[in-house]
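Reminder that position 2 of the sequence shown reads as 1434 in our numbering, one-by-one numbering, no gaps.
Cβ coordinates follow ideal geometry from the N, Cα and C atoms, glycine included.
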Amino acid sequence: KAFGMDVVIWASDASRERARADGWETANSKAAFFEDCDVISLHLRLYDSTRRGITAEDLGRMKPTSLLINTSRAALIEEGALENALRAGRPGKAAVDVFEEEPIWTPDHPLLKLDNALCTPHIGYGTREEYETQFSEIFNQVLAFEAGAPINVINPEVLEK
1433 KAFGMDVVIW ASDASRERAR ADGWETANSK AAFFEDCDVI SLHLRLYDST
1483 RRGITAEDLG RMKPTSLLIN TSRAALIEEG ALENALRAGR PGKAAVDVFE
1533 EEPIWTPDHP LLKLDNALCT PHIGYGTREE YETQFSEIFN QVLAFEAGAP
1583 INVINPEVLE K
């Protein structure tokens, strides 16, 4: 349980198998997942295999009272499908932190105009732990460079100049 809710997982076959082995409940099918869940939160990386993997049909299966949360990548959802689904009332609400084009420079973005969409400007990743990890890594790289032994260099040929 999380926040008093039962957690149900839908993912690749291998991920669902691992989830079951760890004691998590998995949906019987993708259709059942979208039909039965009250809250769906996307936690996927964007690969060719996940790009546009959530379709208008999937969203149309959601309850009018359900909430879709996407803080992963906008391209996980078929382009335009979320806006259309929200207008149709399935899902009833969405919270998004990712968009097809970022940053959003205009208030004319379709999601920003919907009363049933909560939109934030791609800030959902910013946990204290994430910042500590990032800045610690940056600091270590600067110290290593200063000591003459750079780390994590993606273009080592420039070091020879």
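Name the DSSP beta bridge partners of V1440, please?
E1457
Rounded separation between F1567 and A1520 - CA only:
43 Å
Local Cβ density within 10 Å of I1555, reported as buried at 16 or more and exposed below that
exposed
Using only the alpha-carbon positions, how far apart do S1481 and A1579 sit?
42 Å
Is DSSP giving L1596 helix, strand or coil here?
In this structure the chain extends from 1433 to 1593, so residue 1596 is not present and cannot be described.
For a test of the three-state rule: what should DSSP assign to I1509, helix, strand or coil?
strand
Classify V1574 as buried or exposed, calling it buried when 16 or more other Cβ atoms lie within 10 Å of its own Cβ.
exposed
C-alpha gap between N1587 and N1502, whole angstroms:
34 Å
Write down the C-beta distance between E1515 and P1542 rounded to the nearest angstrom, noting that I regard them as a contact closer than 8 Å.
4 Å
Kindly indicate which residue of R1522, D1490 and R1560 has the alpha-carbon position closest to the one of A1464.
D1490
Beta-ladder partner(s) of L1499, from DSSP:
V1471 and K1525
Within its chain, find whatever has a CB closer than 8 Å to the CB of R1493; leave out the 5 residues flanking it on each side and keep chain order.
A1463, F1466, E1467 and R1522
If you draw a straight line from the alpha carbon of A1488 to that of L1518, how long is it in whole angstroms?
10 Å
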